[in-house]
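Novice: Structure provided below as structure tokens; questions to follow.
Numbering (our numbering), first residue to last: 1 to 250.
And the structure:
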């Protein structure tokens, strides 16, 4: 069994840093208009026992549904949650979604926005969050509202793992890392999600837990009854050229 992966062959999946903050700003109406104008709603009367009559962003009459809200509120709210996420989920080149409630522009420049670079491999992404809630509608009838809030969230760039660590430490990958470098890197990469750039697993991802104490050259495994290093295994099985075998494994 391979105990680790050479960090020079992992690339970080562009992902949200855990620090998230909400921003109410002048961008909010624009996000609302974008999402509202692109939603396609379907009549699910056969399964949800109600039909969608109107879905507009008018302040006084945002959503108006037929009979069924009082009988099946959870199902109807779930339907609206899915329908209002449909456009973003069907356009992965334009939007990236998290937990079906948050969406971010993949290329904000196409919509007139700029992403601020924060340094250390991070940038500020622009997006929106939304939630569907029941409210008292026109003439005291129950109705649903989609509440949209603009978001600005720090993300990591998609970058090679070793390059990311070296950039953060401000060192060259050719040097032999010391204990201080290792301790910093273990904390820096923990719980980040990465994908492979070699072999048959390039479509799969891994979540990092730690780094090995030994290098790829010094870490051994059993292969066909013999003890070989991880570096030798990758070279023999995947024909991968290992340039930085003195670094630890992920």
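A virtual CB, placed ideally from N, CA and C, is assigned to each residue, including glycine.
1. For the beta strand (DSSP E) that contains residue 221, what are its first and last residues?
2. Report yes or no: do the region 110-125 and the region 71-85 share at least 3 C-beta pairs separated by less than 8 Å?
3. Anyone know if the C-beta pair for residue 129 and residue 151 falls short of 7 Å?
4. Could you tell me the distance, in whole angstroms, from the CA atom of residue 238 to the CA atom of residue 89?
5. With burial defined as no fewer than 16 other Cβ atoms inside 10 Å of the residue's Cβ, what is the status of residue 234: buried or exposed?
6. Does the separation of the CB atoms of residue 249 and residue 205 fall below 7 Å?
7. I need the DSSP call for residue 116, collapsed to helix, strand or coil.
8. Given that a residue counts as buried once 16 or more other Cβ atoms are within 10 Å of its Cβ, and exposed if not, what is residue 176?
9. Rounded to whole angstroms, how far is the Cβ of residue 189 from the Cβ of residue 208, which I believe are closer than 8 Å?
10. Could you pull out every residue in the same chain whose Cβ sits closer than 7 Å to the Cβ of residue 25, ignoring the five residues on either side in sequence?
11. Let's test the definition: count the other Cβ atoms within 10 Å of the Cβ of residue 245 and tell me whether it reaches 16, buried, or not, exposed.
12. Which of helix, strand or coil does DSSP assign to residue 96?
13. Exposed or buried, residue 114, counting other C-beta atoms within 10 Å across all chains shown (16 or more means buried)?
14. With 16 as the cutoff for other CB atoms within 10 Å, does residue 146 come out buried or exposed?
15. For residue 132, count the other beta carbons within 10 Å of its own beta carbon; 16 or more makes it buried, fewer makes it exposed. Which is it?
16. If we ignore side chains and look at the alpha-carbon of each, how far apart do residue 77 and residue 154 end up?
17. Decide if residue 112 is buried, meaning its Cβ has at least 16 other Cβ atoms within 10 Å, or exposed.
18. Return the CA-CA distance between residue 126 and residue 97, expressed in angstroms with no decimal places.
19. Report the rounded CA-to-CA distance for residue 32 versus residue 210, giving the unit in angstroms.
20. If you follow the alpha helix (DSSP H) that residue 165 is in, where does it begin and where does it stop?
21. Provide the residue(s) that pair with residue 130 in DSSP beta bridges, ordered along the chain.
22. Between residue 51 and residue 134, what straight-line distance do the alpha-carbon atoms span, to the nearest angstrom?
23. Name the DSSP bridge partner or partners of residue 248?
24. So what does residue 104 bridge to, in DSSP terms?
25. Buried or exposed for residue 93, going by 16 or more other Cβ atoms inside 10 Å?
26. So residue 103 and residue 95 are in contact, right, with Cβ under 8 Å, and what is the actual spacing, rounded?
Specialist: Result, derived from the coordinates:
1. Numbered from 1 along the chain shown, position 221 holds the residue referred to as residue 221. Boundaries of the beta strand (DSSP E) harbouring residue 221: 220-223, taken from the DSSP string.
2. No, they do not touch.
3. Taking the first residue of the chain shown as position 1, residue 129 is located at position 129. Taking the first residue of the chain shown as position 1, residue 151 is located at position 151. Taking 7 Å as the Cβ cut-off, residue 129 and residue 151 qualify as a contacting pair.
4. Counted from its first residue, the chain shown places residue 238 at position 238. Counted from its first residue, the chain shown places residue 89 at position 89. Spanning the two alpha carbons is a distance of roughly 35 Å.
5. By one-based count along the chain shown, residue 234 stands at place 234. The residue in question, residue 234, is buried, as its Cβ has 16 or more Cβ neighbours within 10 Å.
6. Along the chain shown, one-based indexing puts residue 249 at 249. Along the chain shown, one-based indexing puts residue 205 at 205. The beta carbons of residue 249 and residue 205 sit no closer together than 7 Å.
7. Position 116 of the chain shown, counted from the first residue, corresponds to residue 116. Of the three classes helix, strand and coil, the one that applies to residue 116 here is coil, per DSSP.
8. On the chain shown, position 176 is the one that residue 176 refers to. Counting Cβ neighbours within 10 Å, residue 176 comes out exposed, since fewer than 16 surround it.
9. Locating residue 189 in the chain shown gives position 189, where the first residue counts as 1. Locating residue 208 in the chain shown gives position 208, where the first residue counts as 1. At roughly 5 Å, the Cβ-Cβ gap stays under 8 Å, so residue 189 and residue 208 are in contact.
10. Mapped onto the chain shown, residue 25 falls at position 25. Per-residue confidence for residue 25 stands at a pLDDT of 35, beneath the threshold of 50, marking its modelled position as unreliable; the derived number appears in the next sentence. Contacts found: 150.
11. For the purposes of this step, residue 245 is identified with residue 245 of the chain shown, where counting begins at 1. Buried, by the Cβ-count rule.
12. Counting from 1 along the chain shown, the entry for residue 96 is found at position 96. Reduced to three states, the DSSP call for residue 96 is strand.
13. Locating residue 114 in the chain shown gives position 114, where the first residue counts as 1. Per the 10 Å Cβ criterion, exposed.
14. Position 146 of the chain shown holds residue 146. The residue in question, residue 146, is buried, as its Cβ has 16 or more Cβ neighbours within 10 Å.
15. The sequence position of residue 132 within the chain shown is 132, counting from 1. So residue 132 counts as buried.
16. The residue labelled residue 77 in the question sits at position 77 within the chain shown. The residue labelled residue 154 in the question sits at position 154 within the chain shown. Across the structure, residue 77 and residue 154 are spaced so that their CA atoms are roughly 30 Å apart.
17. For the purposes of this step, residue 112 is identified with residue 112 of the chain shown, where counting begins at 1. Around the beta carbon of residue 112, fewer than 16 other beta carbons lie within 10 angstroms, which makes this residue exposed.
18. If you number the chain shown from 1, residue 126 lands on position 126. If you number the chain shown from 1, residue 97 lands on position 97. Distance between the alpha carbons of residue 126 and residue 97 is about 12 Å.
19. Taking the first residue of the chain shown as 1, we reach residue 32 at position 32. Taking the first residue of the chain shown as 1, we reach residue 210 at position 210. Unreliable positioning characterises residue 32 in this predicted model, as indicated by a pLDDT of 43, which lies under 50. The coordinate reading is nonetheless provided below. Straight-line Cα distance between these residues: approximately 41 Å.
20. Within the chain shown, the letter at position 165 stands for residue 165. From DSSP, the alpha helix (DSSP H) with residue 165 extends over 161-169.
21. If you number the chain shown from 1, residue 130 lands on position 130. The partner list for residue 130 (beta bridge, DSSP) reads 148.
22. Your numbering for residue 51 matches position 51 in the chain shown. Your numbering for residue 134 matches position 134 in the chain shown. With a pLDDT of 33 at residue 51, under the threshold of 50, the predicted position of this residue should be treated as unreliable, and no value is reported.
23. Walking along the chain shown from the start, residue 248 turns up at place 248. Partner residues in the beta bridge of residue 248, as assigned by DSSP, are 215.
24. Counting from one through the chain shown, the residue named residue 104 turns up at place 104. For residue 104, which the question treats as bridged, DSSP gives the partners 96 and 127.
25. Your numbering for residue 93 matches position 93 in the chain shown. Residue 93 is exposed by the Cβ-count criterion.
26. Stepping through the chain shown from its first residue, residue 103 is reached at position 103. Stepping through the chain shown from its first residue, residue 95 is reached at position 95. The C-beta distance from residue 103 to residue 95 rounds to 5 Å, short enough to fall under 8 Å.
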